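Residue 571 is where the sequence shown starts when you use our numbering, and the numbers rise one by one after that. Cβ coordinates follow ideal geometry from the N, Cα and C atoms, glycine included. Small disclaimer: the values here were computed from a predicted structure and weren't measured.
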Amino acid sequence: HGFGRVREPFVAAPDRVRLVGEARLLFAAYALAAAVSVLAESWAVALYWLGPVLLGQPALRLFLLAEHTGCPYEPNMLRNSRTTRSNALVRWFAWNMPYHAEHHAFPGIPFHALPAAHAQLGAQVAVTAPGYLAVHRDLLKALGAGRAVQS
């Protein structure tokens with residue numbers, strides 16, 4: 571997006587300019603943080619930002635892949651996002667984001683109300699999974715079979 575390319579068809583034309591501008595602003599902020607760190611001869615950016623990002627990214631990827639990968643590529647949020655059944659500990663650590671379709675369909679619902687939203691909307695959610703392991707097992711099967719998996 572920072573290079574001015576917005577390929578996602580669900581982003582409306584008027585919003586594309588703002589999306590590109592925001593991406594460029596974030597890139598500038600990252601560059602400024604890195605420059606200040608180098609000029610100050612400080613490892614703070616590496617220790618408190620890059621380190622945790624790199625360490626946390628593998629686990630985070632497992633959750634992020636489950637949210638949309640393999641779902642239909644369309645504007646209906648109850649169809650293009652997955653709700654994944656999970657245990658209470660995972661739901662607590664993830665701020666109820668396993669209820670991802672409900673979160674995308676109604677982003678104004680606070681995280682603590684997502685289980686209640688699921689109770690109301692669950693039948694309308696098109697893509698669900700019995701757990702994160704099941705999602706990744708299905709993704710690996712699709713890849714092993716040579717099928718393209720849309721992310």
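Query: In the DSSP assignment, what residue or residues form a beta bridge with residue 698?; Result: 653
Query: For residue 643, which three-state DSSP category applies?; Result: coil
Query: Hey, residue 696 and residue 642: beta-carbon distance below 9 Å or not?; Result: yes
Query: With a CB to CB cut of under 6 Å and the five nearest residues on each side skipped, what residues in its chain are close to residue 665?; Result: 681
Query: Would residue 685 and residue 661 qualify as a contact pair, given that the criterion is a beta-carbon distance under 9 Å?; Result: yes
Query: Which residue wins for smallest C-alpha separation from residue 654, given the options 698, 592 and 590?; Result: 698
Query: Skipping 5 residues on each side, what residues in its chain have a beta carbon closer than 6 Å to that of residue 572?; Result: 593, 594 and 597
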